[in-house]
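Reading the sequence shown from the start, the letters are residues 317 to 721 in our numbering.
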Amino acid sequence: MSENLPDWAMEGLDSLIRIWNEGAYGFTYGQIIIIVAILLFSLVVRGLFSRIVVRGIARAAAGTETQFDDALVKAIATPLKIVPVIIGTYFALQYANVSGDTEVIADKVVQSVITLAVFWTLSRAVNAFEFIFTGLRDTLSPAIVDWLVKLLQILLIILGFGAVAQIWGIAIAPLIAGLGVFGIAVGLGAQDLFKNLISGILIMSEKRFNPGEWIKVDGVVEGTVEKINFRSTLIRRFDKSPVYVPNGLLSDNPLTNFSRMSHRRIKWVIGVEYRTTVDQLKYIRDEIEAFLWNDDRFAKPPAAALFVRVDSFNDSSIDFLIYCFTHSTNWGEWLKIKEELAVACYDIVERAGTGFAFPSRTLYMQQQDAPEILPPPMPSEGVAKAKAERAELEKSDMQVDDDDG
317 MSENLPDWAM EGLDSLIRIW NEGAYGFTYG QIIIIVAILL FSLVVRGLFS RIVVRGIARA
377 AAGTETQFDD ALVKAIATPL KIVPVIIGTY FALQYANVSG DTEVIADKVV QSVITLAVFW
437 TLSRAVNAFE FIFTGLRDTL SPAIVDWLVK LLQILLIILG FGAVAQIWGI AIAPLIAGLG
497 VFGIAVGLGA QDLFKNLISG ILIMSEKRFN PGEWIKVDGV VEGTVEKINF RSTLIRRFDK
557 SPVYVPNGLL SDNPLTNFSR MSHRRIKWVI GVEYRTTVDQ LKYIRDEIEA FLWNDDRFAK
617 PPAAALFVRV DSFNDSSIDF LIYCFTHSTN WGEWLKIKEE LAVACYDIVE RAGTGFAFPS
677 RTLYMQQQDA PEILPPPMPS EGVAKAKAER AELEKSDMQV DDDDG
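Set out below in structure tokens:
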């Protein structure tokens, strides 16, 4: 049939056959098409493998009572999806039948991909084995255990790249030595970085605070700890703004952990008017003290101090000191208890027949007549007794001095 074609058509057909057979990069176009088809088929298999095999394993793991297998499947699901691609690449190279340097490079590429996939899988699988560190969370702290998990993952990644370097014939020992010299240079210029790293380790080893706790660092920040990182700690202030504080500041400054209070304190000074009588003062004191003692929400001695006393004479008031502690350390519950105590104090002062004092100034209008001078009252028996005891004490001291002389 080709004999019936015109000469120009025969020449064009011969050129196409020659180009097809010559191909590119040492492969015919037929071989190139087959290689590409193998790779595309591996991608199709990858999609099927992901939908059928990986999801099937995930469903089987979800049907068990333990959470370990669920976490393990979730960790290795992504690395498993590249297995068909690796297999497809291997068969494509086998079909290409490369030789010489190209074969060596191709083999190393496949080995490198497999090695990285293995170490990547191990790194992700570490999260599934966190239950091993459950006992350490009580001994150390949750934050430092999370650090250990991250360090283990980083170590596996470094080992993976080291294994790949060995595949390509790169010596690791000189590289490590070079990194050591480089590390000295970096360390001299990054002292603050290492200081913060060490401070973070000390904070977690000493269990000064954990995520979720309310802390205050004098002159730095006050808020709720959200996350303890390698270099800094994320603290959420009460206005909901995040603050990233270097661990060195948290380590070097006084730190108060309010979340670890055993009780929560109430310290008030309330003032009543100067017209309040002694009996009224005692009534107010006894009633407030009885309210605190009879309410189980307030801590009692010796667990915590509890005082209600007439404390001082202010410019415009006679002041009571109310000093007590609540069992609850929850802020909302504490505010509610404070409110009820305030209402009770107000009611007690009103029932006593007096009132709360406020800053005031009193002007006394006097007549021009000479004031009547009254004689002072007779001293009580206690005054005479005190004078006699003091005179006796002074006399005995003088005798001691004469004997020494």
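For glycine and all other residues, C-beta sits at the position ideal for the given N, C-alpha and C.
Report the residue from Ala487, Ser548, Thr592 whose alpha carbon sits nearest the alpha carbon of Pro558.
Ser548
Any idea what DSSP makes of Phe641, helix, strand or coil?
strand
Assign Asn563 to buried or exposed, taking buried as 16 or more other Cβ atoms, counted over all protein chains shown, within 10 Å of its Cβ.
buried
Name the residue from Lys511, Ser644, Arg440, Leu509 whose alpha carbon lies nearest to the alpha carbon of Gly476.
Arg440
Collapsed DSSP secondary structure at Pro395 in the structure displayed:
helix
Using DSSP bridges, identify the partner residues of Asp423.
In DSSP, Asp423 forms no bridge with anything.
Using 8 Å as the cut-off, can you tell me whether the segment 508-527 makes contact with the segment 468-482, which would need three or more C-beta pairs spanning the two stretches below that distance?
no
Three-state class that DSSP yields for Glu538 in the structure shown
strand
Who pairs with Asn573 in a beta bridge, going by DSSP?
Ile531
Given Asn512, which residues of its chain have a CB within under 6 Å of its CB, disregarding the five upstream and five downstream residues?
Arg547, Pro562, Asn563, Gly564
In angstroms, rounded to a whole number, what distance separates the CA positions of Ala707 and Pro691?
26 Å
Identify whether Gly404 lies in helix, strand or coil by the three-state DSSP scheme.
helix
Should Val588 and Ile600 be called a contact, given that it needs their Cβ atoms to be closer than 8 Å?
yes
Count the other CB atoms within 10 Å of the CB of Gly671; is the residue buried (16 or more) or exposed (fewer)?
exposed
Do Thr405 and Val420 count as a contact pair if the criterion is CB distance below 8 Å?
no
According to DSSP, is Gly671 part of a helix, a strand, or is it coil?
coil
Identify every residue that forms a DSSP beta bridge with Val561.
Thr549
Report the option in Thr380, Phe574, Val370 whose CA atom is closest to the CA atom of Ala393.
Val370
Taking 8 Å as the limit between beta carbons, can you name the residues of its chain near Asp508, skipping five residues before and five after?
Pro562, Gly564
Determine the burial state of Ser628: buried for a count of at least 16 other Cβ atoms within 10 Å of its Cβ, exposed for fewer.
exposed
Alpha carbon to alpha carbon, how far is Asp663 from Ile519?
48 Å
Top-ranked residue by Cα proximity to Gly478, from Leu432, Ile514, Val442, Glu522
Leu432
Put Gly478 into one of helix, strand or coil per three-state DSSP.
helix
Per DSSP, which residues does Phe623 bridge with? Please list them.
Tyr639
Neighbour-count burial assignment, Met317, 16 or more Cβ in a 10 Å radius
With a pLDDT of 48 at Met317, under the threshold of 50, the predicted position of this residue should be treated as unreliable, and no value is reported.
Under a Cβ-count criterion, where at least 16 other Cβ atoms within 10 Å of its own Cβ denotes burial, should Trp647 be classed as buried or exposed?
exposed
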